[in-house]
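In my numbering, the protein residues as written are -6 to 124.
Here it is, written out as structure tokens:
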């Protein structure tokens, strides 16, 4: 199996992981998580409004984009933005505690309907993923 070399990109000053953690520490935790249809997640696929699904949870990663060590471009690709990025996240970031990193930005749990197609073109029928 060929491993892709992980590349970090230069971040703007003040946009490192330390600053991200400091920013997050000042924010309240979400009060109530909603069930969000996957079709709604798919609408949020641009830099200014970017959601993704990881392990059944929907995250609004818009504010995180500039802090990502791999850069913004990798996160706004169709395999991540507006999509279920669990497989990619687990492939490259299995050591990362996503619940801690993005705990303030989880907005709900994803609900797949019969028309839902994930980034690997697998159709999922009537399943609610709640972790």
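We put the beta carbon where it would ideally sit given N, CA and C, even for glycine. Values in this document were obtained by computation on a predicted structure and should not be read as measured data.
Residue 99 versus residue 51: straight-line alpha-carbon distance, rounded: Rounded to whole angstroms, residue 99 to residue 51 spans 6 Å at the Cα level.
Should residue 11 go down as buried or exposed, given a rule of 16 or more other Cβ atoms within 10 Å for buried? Here residue 11 is exposed: its Cβ has fewer than 16 other Cβ atoms, across all protein chains shown, within 10 Å.
Just curious, the alpha helix (DSSP H) that residue 79 is in, first and last residue? For residue 79, the uninterrupted alpha helix (DSSP H) run begins and ends at 79 to 86, by DSSP.
Taking only three categories from DSSP, how would you classify residue 2? When DSSP states are grouped into helix, strand and coil, residue 2 belongs to the coil group.
Using 8 Å as the Cβ pair cut-off and three pairs as the minimum, do the stretch 10 to 30 and the stretch 56 to 71 touch? Yes, since at least three Cβ pairs between the stretch 10 to 30 and the stretch 56 to 71 fall closer than 8 Å, the two stretches touch.
Enclosing alpha helix (DSSP H) for residue 34 [first to last residue]: Judged by DSSP secondary structure, residue 34 falls within the alpha helix (DSSP H) whose first and last residues are 31 to 34.
Mark residue 2 as exposed unless 16 or more other C-beta atoms lie within 10 angstroms of its C-beta, in which case mark it buried. Residue 2 comes out exposed.
Looking at the secondary structure, which residues open and close the beta strand (DSSP E) in which residue 89 lies? Counting along the chain, residue 89 falls outside any beta strand (DSSP E), and DSSP gives it neither H nor E.
Since residue 73 is in the alpha helix (DSSP H), which residue starts that stretch and which ends it? Segment: none, residue 73 is in no alpha helix (DSSP H) and carries neither H nor E.
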